[in-house]
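A.B. asks:
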Amino acid sequence: MDLGEVFLVSLGGAVLLFCARKLLGVTQQLFPKTWYPVPKSFFSSLGEWAVITGGSEGIGRAYAFELARHGLNIIIISRNLAKLETAAKEIGETTGKEVRVIVADFTKDDIYEHIEENLAGLNVGVLVNNVGILPSHTLCKLLDIEDLEQRITSVINCNVKGLTKMCRIVLPRMEERGKGLILNMSSGVAGVPCPLYTMYGASKLFVERFSRSLQAEYKSKGIIIQAVIPFGVSTAMTSFQKPDMVTLTPEEFVRTSLDYVLVGDRTHGSISHQILGWILQAIPIQILHSEVMQEKLAEFVNKSVNGN
């Protein structure tokens with residue numbers, strides 16, 4: 001075999017190995033229960049308490065219910081005391097677990113000392129950084145956002161600073177104990193530069209990159225940190241769109257996403273959302289960024305928001 005043949009055979013082998021690795025990754029994402037089964041006692045083995053931000057409704061409330069069913073006591077944090085108390089009562093009565101509430105508005109700067117005082121001394125095994133906001137109730141270009149200066153501050157405080165500060169509060173005790181789980185909620189729109197979701201998508205890209213880098217720093221300490229990257233979930237943020245094969249209920253999404261906690265440092269949390277992620281990556285960026293696509297996307301989303 002001459003040098004050229006050796007090169008071609010080696011190249012072919014490398015391509016086959018690459019394809020095999022990609023195929024293995026696909027099957028792991030589609031069948032997490034087969035490849036990375038989560039033991040029944042896994043969540044309760046991490047600690048006594050789970051902390052969920054934005055836990056009074058939607059995805060956060062669903063995480064609170066599901067983690068309570070897995071045996072953890074729950075702390076839900078949000079800015080609306082009435083909604084918190086209603087959720088806490090329902091979770092406690094349904095699961096029999098202790099549920100505490102902390103009132104905090106993550107768009108503000110002066111909340112973290114209060115949160116830290118309420119978490120002091122607790123064995124927190126799971127943190128779900130779920131709280132997040134959109135800069136506008138309607139889909140629009142950056143300069144068309146009402147009260148833009150205030151919305152910039154609010155989005156950064158809630159979507160970026162809140163997650164970072166909560167990790168700073170909870171991580172030290174997890175590191176001491178050598179175990180813990182942190183789930184950071186990103187978004188499917190962070191997968192590519194997404195016009196009309198400019199500020200929100202950028203903040204959620206921060207969540208993904210921050211989470212994956214933090215996992216690299218603390219994986220050796222026995223801590224799992226994962227970016228969860230959903231697409232459509234029927235919540236107030238999505239104007240309670242009708243659930244279907246793509247748009248899941250919060251309860252459906254949370255149940256499936258918890259099957260992925262051992263898969264790696266990022267997950268779309270469900271088979272349908274994983275497939276959507278692959279499709280989005282395959283669409284040429286020129287199409288996604290075209291004026292026609294922006295107009296159609298804004299029309300579709302804003303009709304959903306307005307109930308038309």
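Using UniProt numbering, the first residue of the sequence shown is number 1, and each one after it goes up by one.
All C-beta atoms, glycine included, are put in the ideal place defined by N, C-alpha and C.
A quick note: this is a predicted structure, and the numbers were derived from the prediction, not measured.
1) Let me know the alpha helix (DSSP H) ranges lying completely inside the region 121 to 165, each 4 residues or longer, listed in chain order.
2) Pick out whichever of C140, L122, G180 has its Cα sitting closest to the Cα of G201.
3) Skipping 5 residues on each side, what residues in its chain have a beta carbon closer than 6 angstroms to that of T107?
4) By the three-class DSSP mapping on this structure, what secondary structure does K303 have?
5) Do three or more CB pairs link the region 254 to 263 to the region 286 to 306 at distances below 8 angstroms?
6) Assign V246 to buried or exposed, taking buried as 16 or more other Cβ atoms, counted over all protein chains shown, within 10 Å of its Cβ.
7) For the region 233 to 249 and the region 266 to 278, state whether three or more C-beta atom pairs, one from each stretch, are separated by less than 8 angstroms.
8) Compare the beta carbon distance of V131 and A50 with 9 angstroms and say whether it is the shorter of the two.
9) Between P243 and I59, which are expected to be in contact by the criterion C-beta below 8 angstroms, what is the C-beta distance as a whole number of angstroms?
10) So what's V207 in DSSP terms, helix, strand or just coil?
11) Taking 6 angstroms as the limit between beta carbons, can you name the residues of its chain near E116, skipping five residues before and five after?
12) Assign I285 to buried or exposed, taking buried as 16 or more other Cβ atoms, counted over all protein chains shown, within 10 Å of its Cβ.
13) Along the chain, where does the beta strand (DSSP E) that runs through T95 open and close?
14) Where L214 and A104 are concerned, what is the direct C-alpha to C-alpha distance, given to the nearest angstrom?
15) Can you tell me the Cα-Cα spacing of G121 and E93, whole angstroms?
16) Tell me, please, which residues DSSP counts as bridged to T267.
17) Rounded to a whole number of angstroms, what is the C-alpha to C-alpha distance between A282 and L288?
18) Taking T256 as part of the beta strand (DSSP E), name the residues at either end of that continuous run.
19) What residue does the alpha helix (DSSP H) around G58 start on, and which one ends it?
20) Select from V228, K83, V99, L30 the residue whose C-alpha is nearest the C-alpha of L181.
21) Where does G180 sit, in a helix, a strand or coil, going by DSSP?
22) Roughly how many whole angstroms lie between the Cα atoms of L127 and I52?
23) If you follow the beta strand (DSSP E) that T53 is part of, which residue opens it and which one closes it?
24) Please classify S234: does DSSP put it in a helix, a strand, or coil?
25) Is it true that the region 193 to 213 meets the region 66 to 82, where meeting means three or more beta-carbon pairs spaced less than 8 angstroms apart?
26) Assign I285 to one of three DSSP states: helix, strand, or coil.
27) How long is the line joining the alpha carbons of S290 and P195, rounded to whole angstroms?
28) Note the first and the last residue of the continuous alpha helix (DSSP H) segment covering S187.
29) Answer with buried or exposed for Q29, where buried requires no fewer than 16 other C-beta atoms within 10 angstroms of its C-beta.
30) Using CA atoms only, rank isn't needed, just tell me which of G47, A87, T86, G162 is closest to H70.
31) Can you look up Q294 in the DSSP assignment and give me helix, strand or coil?
C.D. replies: Judging by the given coordinates:
1) 148 to 155
2) C140
3) S154, N157, C158
4) helix
5) no
6) exposed
7) yes
8) no
9) Not really, about 13 angstroms apart at Cβ, beyond 8 angstroms.
10) helix
11) I169
12) exposed
13) Here T95 belongs to no beta strand (DSSP E); instead the alpha helix (DSSP H) covers 81 to 95.
14) 25 angstroms
15) 25 angstroms
16) V228
17) 11 angstroms
18) First-last for T256: 250 to 257, but that is the alpha helix (DSSP H), not the beta strand (DSSP E).
19) 58 to 69
20) V228
21) strand
22) 6 angstroms
23) 49 to 53
24) coil
25) no
26) helix
27) 9 angstroms
28) Neither: S187 is in no alpha helix (DSSP H) and is coded neither H nor E.
29) buried
30) G47
31) helix
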